[in-house]
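In the numbering used here, the protein residues as written are 2 to 469. Note that the Cβ used here is the ideal one computed from N, Cα and C, for glycine as well. Computed from a predicted structure; not experimentally measured. Worksheet: one structure, shown below.
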């Protein structure tokens, strides 16, 4: 039985700071050196009968999504760009409307791009069970069989047996510790995973019943579509009229047709660093280490080193996360409070809230190496065949030194090649572009100098990626 995957990839992932940032949140990260979380979400569907996915993300992440889908060989997918974030109910409505525009009415498997599922075989078995219920017009959610009294998840109180699953008595909020213990002891409660399976038209019918204004706004937004490369944009003004509400509150808690299928697949929403420690492989002392780490007399600690050696001595129950521009040290039992640090970074206008030193672009990436009052040094990597936009800067000049590969440079009216160990100079106000004509990545060092070095000092005239 075929289904259409809908991947929700619009979150900001603030609780996994400093690895996760606003412009590169956790769904686009690899937490184990392998594929990213978005890529694993797609790959764990291999072997099931499915249609090309719909991925929903925001404008700032569109090129990350497109590149990561390309890397795993995804074809014929659709990427819907949310003009503003409005939580999961409106986002799923967009996907349901898109899925039915051609007259089809598929079953939608709605998944978050930032969840971890380690037992893929059990996950597939639960999907097959849910498909049989969705075929009967139930709106199915997946309830994770709890392994301990977690207070950070919502719960589902399961009802009477229903073919391959159960009815739903009620959805309950995140409980306190005593209530969570009572839920576990009763054996009647499941963790609310935030994953769903239902027919597109059935979801739209229920949304029309409970939130007709929201559905009307989504239909208006999807009636004015603009396609750009891999992306589909909609009417932002219409979509902004949607309330910000989850699918649980908007539909699942109100419908009389909810069903739940138990899921025992070693699931986690990775909502904190402590949850990553919970599911990670550990040494005899209970430590989970990633990267260049030396530990002595240390227990029950998560240590991640991304760019340098991290040494730990005499520690217990901590989380230590090192990146190129920030280090987090936290009590392992208080990592939910990382969001408070992120809020302070945001209110202080610190760049560590928004981005890493390494920034991804559709043509490649750059890393800020050094910054001073009137200069900035970057390491730039341009992918084979890729080209930066034809642009100019009002306030800065640029010096480019090629260290690997060959650059095709347009500098005013002149176009020429710059090879390894050669350099060129772009004056303030000069229209210019840079292309990698070769088969290997182009690596260069850029030195910017001038009175203002912000990324918004770019005037684009032509762009292969629709950013003019």
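In this structure, the beta-carbon distance from residue 319 to residue 331 falls below 8 Å. In this model, residue 8 and residue 98 are separated by some 15 Å (Cα to Cα).
Straight-line spacing of the CA atoms in residue 280 and residue 18 works out to 18 Å.
Excluding residues up to 5 positions away in sequence, 434, 459, 461, 462, 463, 464, 465, 466, 468, 469 lie with their Cβ nearer than 8 Å to the Cβ of residue 390 in the same chain.
For the alpha helix (DSSP H) assignment, the uninterrupted runs of no fewer than 4 residues enclosed by the region 209 to 254 are, from N- to C-terminal side, 213 to 223, 237 to 240.
When rounded, the separation of the alpha-carbon atoms in residue 222 and residue 216 is 10 Å. In this model, residue 127 and residue 143 are separated by some 8 Å (Cα to Cα). In the displayed model, residue 38 falls within a helix according to three-state DSSP.
Beta-bridge pairing by DSSP links residue 385 to no other residue. As DSSP reads the structure, residue 124 sits in no beta bridge. With distances taken between CA atoms, residue 393 lies nearest to 431 out of 445, 237, 431. Here the region 193 to 204 makes contact with the region 105 to 114; the two share three or more CB pairs at distances below 8 Å.
Contact check for residue 424 against residue 376 fails: the beta carbons are separated by 8 Å or more. The Cβ-Cβ distance between residue 57 and residue 90 does not fall below 8 Å.
For residue 264 and residue 275, the gap between their C-alpha atoms comes out near 22 Å. Counting the other Cβ atoms within 10 Å of the Cβ of residue 34 gives fewer than 16, which makes it exposed. Taking a cut-off of 8 Å on C-beta distances, the region 222 to 232 does not touch the region 132 to 149, as fewer than three cross pairs fall below it. Exclusion of the five residues before and after residue 416 leaves 409, 410 as the residues of its chain whose Cβ lies within less than 8 Å of its Cβ. Distances from the alpha-carbon of residue 102 to those of 205, 122, 73 put 205 closest. Taking residue 2 as the centre and dropping the five residues before and after it, the same chain places the C-beta of 132 closer than 6 Å to its C-beta, in chain order. With contacts defined by Cβ atoms closer than 8 Å, residue 283 and residue 307 do not form a contacting pair. Under the three-state reduction of DSSP, residue 107 is assigned to coil, being neither helix nor strand. Along the region 256 to 336, the alpha helix (DSSP H) occurs as fully enclosed runs of 4 or more residues at 274 to 280, listed in sequence order.
Secondary structure of residue 85 (DSSP, three-state): coil. In the displayed model, residue 162 falls within a strand according to three-state DSSP. In this structure residue 397 does not touch residue 361 by the C-beta definition: roughly 22 Å separates them, more than the 8 Å allowed.
The C-alpha of residue 157 is placed about 21 Å away from the C-alpha of residue 273. Residue 117 sits in a strand when the DSSP states are folded into three classes. Secondary structure remark: continuous beta strand (DSSP E) runs of at least 3 residues inside the region 147 to 204, in chain order: 156 to 163, 166 to 173, 190 to 200. The beta carbon of residue 209 sits closer than 7 Å to those of 216, all from its chain and outside the five residues before and after it, given in chain order. Nearest to residue 149 by alpha-carbon distance, out of 106, 187, 53, is 187. Here residue 50 has 2, 3, 4 as same chain residues with Cβ atoms under 8 Å from its own Cβ, once five neighbours each way along the sequence are excluded.
Nearest in C-alpha terms to residue 286, of all of 457, 303, 22, is 303.
Here residue 161 has 168 as same chain residues with Cβ atoms under 6 Å from its own Cβ, once five neighbours each way along the sequence are excluded. Residue 15 carries a helical assignment under DSSP once its states are collapsed to helix, strand and coil.
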